[in-house]
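Peer 1: Before I ask anything, here is the structure I am working with.
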Ligand SMILES: Cc1ncc(COP(=O)(O)O)c(C=O)c1O
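Numbering (my numbering), first residue to last: 234 to 674.
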């Protein structure tokens, strides 16, 4: 049987000799299902920079997929992890008791809206979403869920039943759990004003509620869409969503795995819309690189009995020690305020740049969750995957790491510790990359 060898999709910056050796070994043994974008081989990182094994330095505008909100190898977090390391790694938190996961959970709850007071700990985003899904199904004793198109909630079968982003993520995995998909309020692609988008999407949602009749348990919603294209929903839509959920007795679950942890300025992105969710899924940045997920609801909703949901590694001592230091750092250093400030700076620079660029169709975002939609033509809005690939390649050649999302969007998600100087440097690199790509057309 011939082995399928995975080749990195973006081989534009020629990998150095040490990288090449690792890439060759990797291609022989690792699952070809990964979504590697670059032939970048990580060696170490510090602050807002990452180095590859050949000693090349990159400005990190991806935060290792919105995880490193406090910057890399943050000394406060490293110290907290090292100190826990000496005391032990694992206690089996769903079978025994320990203080570190408890302190982490108490700290987390102190940063959330007051009604969110009960925590379930896990190890990843998909598990945090699965927990929200199961909790809502158990509590309501109803079957249906409503999710959006596009949306991304993870890849285990419960989360994947809701995920609706790239077809390859769902192909051949049917049958799914009972989920109905309705359009995400993506004004730019729906080609509607915010007001029209709100009216259209709320009407679609209401139709989905009526077709699931009395059997709809919950709605799963990304407060700002991540993988789907860094899409910010209109405020009135989010308010209308809350109202419809309350009117129909359906629980509102928000997936803040990517948008949470001050990335958009407030701890939860949904707080920007002054809306209270019933249950929240968090992961990525709460662990600063150690696997940690958390699902939080009011105790009257997370009311399932002993044995109905548990795990082996949730509440892992190292992850919680790192998580506790992370949350302290985020709050003390007011990184939400910095995210807002740097976000305004980056967005305004690209809004100005947009009028000079034929490729930049849309600039949107909240805080340091900014999407640049690349199109072939601003009138037709034709997606421009190849142009986006070129831009990302050129930026990497100039020493900057970025990630794509959606069909032809570039996501800007640097650590929230980003300084003004680094922000301006990143903007300059990316604008040059866009200009050079445009000049080659
Ligand atoms: C919004 C959102 N939810 C869930 C997930 C799944 O998280 P994980 O990959 O840790 O399972 C992701 C991952 O990118 C995400 O962005």
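We treat Cβ as the ideally placed atom computed from N, Cα and C, and that holds for glycine.
Between which two residues does the beta strand (DSSP E) harbouring residue 558 extend?
Peer 2: Run containing residue 558: none in the beta strand (DSSP E); it sits in the alpha helix (DSSP H), 550–565.
Peer 1: Are the beta-carbon atoms of residue 452 and residue 471 separated by less than 9 Å?
Peer 2: Not a contact, by the Cβ cut-off of 9 Å.
Peer 1: Would you mind listing the alpha helix (DSSP H) stretches within the segment 426–458 that are 4+ residues and don't spill past its ends, in chain order?
Peer 2: Taking only runs of at least 4 residues, the alpha helix (DSSP H) segments lying wholly in the segment 426–458 are 427–444.
Peer 1: In this structure, how does DSSP classify residue 275 when only helix, strand and coil are distinguished?
Peer 2: DSSP places residue 275 in strand when its eight states are reduced to three.
Peer 1: Pick out the complete beta strand (DSSP E) segments inside the segment 624–662, 3 residues or longer, and give them in chain order.
Peer 2: Correct list: 636–638 and 642–645.
Peer 1: DSSP on residue 338, reduced to helix/strand/coil?
Peer 2: Looking at residue 338 - three-state DSSP - the assignment turns out to be helix.
Peer 1: Please report the residue range of the alpha helix (DSSP H) in which residue 481 lies.
Peer 2: Start and end: 468–481.
Peer 1: Which value, in whole angstroms, describes the spacing of the CA atoms of residue 235 and residue 415?
Peer 2: Because residue 235 carries a pLDDT of 44, less than 50, the predicted location of this residue cannot be relied on, and no value is offered for it.
Peer 1: Determine the extent of the alpha helix (DSSP H) in which residue 250 is found, giving its start and end residues.
Peer 2: Here the alpha helix (DSSP H) through residue 250 covers 250–262.
Peer 1: For residue 409, count neighbouring C-beta atoms within 10 Å of its own C-beta (all shown protein chains included) and say buried if the count is 16 or more, exposed if not.
Peer 2: Classification of residue 409: exposed, given that the 10 Å Cβ count is below 16.
Peer 1: Would residue 463 be called buried (16 or more neighbouring beta carbons within 10 Å of its own) or exposed?
Peer 2: By the 10 Å Cβ count, residue 463 comes out buried.
Peer 1: Could you spell out where the beta strand (DSSP E) holding residue 597 opens and where it closes?
Peer 2: Unbroken beta strand (DSSP E) run through residue 597: 593–599.
Peer 1: State the start and end residues of the unbroken beta strand (DSSP E) segment that holds residue 530.
Peer 2: Residue 530 -> beta strand (DSSP E) spans 526–530.
Peer 1: If we call anything under 9 Å between Cβ atoms a contact, is residue 358 one with residue 513?
Peer 2: No.
Peer 1: For the alpha helix (DSSP H) holding residue 401, just list the boundary residues, first then last.
Peer 2: Counting along the chain, residue 401 falls outside any alpha helix (DSSP H), and DSSP gives it neither H nor E.
Peer 1: Could you name the residues of the same chain whose beta carbon sits closer than 6 Å to that of residue 423, not counting the 5 residues immediately before and after it, in chain order?
Peer 2: The answer, listed in chain order, is 430.
Peer 1: Tell me, to the nearest whole angstrom, how far the beta carbon of residue 572 is from that of residue 600; I am working on the premise that it is less than 8 Å.
Peer 2: Going by Cβ atoms, the distance from residue 572 to residue 600 rounds to 4 Å, so yes, they are a contact pair.
Peer 1: Buried or exposed: residue 330, going by 16 or more other Cβ atoms within 10 Å of its Cβ?
Peer 2: When all chains shown are included, residue 330 counts as exposed.
Peer 1: With H, G and I counted as helix, E and B as strand and the rest as coil, what does DSSP make of residue 308?
Peer 2: Helix, per DSSP.
Peer 1: So is the beta-carbon of residue 386 under 8 Å away from any non-hydrogen atom of ligand 1?
Peer 2: Yes - ligand 1 has a heavy atom lying nearer than 8 Å to the Cβ of residue 386.
Peer 1: So who's on the other strand from residue 605, going by DSSP bridges?
Peer 2: In DSSP, residue 605 forms a bridge with 596 and 643.
Peer 1: In its own chain, which residues sit with a C-beta less than 7 Å from the C-beta of residue 375, not counting the 5 before and 5 after it?
Peer 2: Closer than 7 Å at the Cβ level, and outside the excluded window around residue 375, lie 448, 449 and 450.
Peer 1: Just to check my reading of the structure: residue 617 and residue 590 have Cβ atoms closer than 8 Å, yes? What is that Cβ distance to the nearest angstrom?
Peer 2: Contact flag wrong, Cβ pair sits at about 12 Å.
Peer 1: For residue 371, does the three-state DSSP call read helix, strand or coil?
Peer 2: In the structure shown, residue 371 sits in a helix (DSSP, three-state: H, G or I).
Peer 1: Please report the Cβ distance between residue 361 and residue 646, rounded to the nearest whole angstrom; I am assuming they are in contact, meaning their Cβ atoms lie under 8 Å.
Peer 2: With a Cβ gap of about 19 Å, residue 361 and residue 646 do not count as contacting.
Peer 1: Report yes if the CB atom of residue 271 is closer than 9 Å to the CB atom of residue 246, and no otherwise.
Peer 2: A contact, by the Cβ cut-off of 9 Å.
Peer 1: What is the residue span of the alpha helix (DSSP H) that residue 579 lies within?
Peer 2: 568–587 is the extent of the alpha helix (DSSP H) around residue 579.
Peer 1: Hey, residue 534 and residue 511 are a contact pair by Cβ (cut 8 Å); roughly how many whole angstroms apart?
Peer 2: That pair is a contact at about 6 Å.
Peer 1: With H, G and I counted as helix, E and B as strand and the rest as coil, what does DSSP make of residue 235?
Peer 2: Any reading at residue 235 must be qualified, since the residue scores a pLDDT of 44, below 50, and its modelled position is unreliable; the value itself is stated next. In the structure shown, residue 235 sits in coil (DSSP, three-state: anything other than H, G, I, E or B).
Peer 1: Given the structure, does residue 357 come close to ligand 1, in the sense that its CB is under 8 Å from one of the ligand's heavy atoms?
Peer 2: Because some heavy atom of ligand 1 lies under 8 Å away, the Cβ of residue 357 counts as near it: yes.
Peer 1: Go ahead and pull the three-state DSSP assignment for residue 245.
Peer 2: Coil at residue 245, not helix or strand.
Peer 1: Hey, out of 579, 365, 532 and 560, whose CA is closest to residue 391's CA?
Peer 2: Ranking the options by Cα distance to residue 391, first place goes to 365.
Peer 1: Under the criterion of a Cβ to heavy atom distance below 8 Å, does residue 392 qualify as lining ligand 1?
Peer 2: Yes, the beta carbon of residue 392 sits closer than 8 Å to at least one heavy atom of ligand 1.
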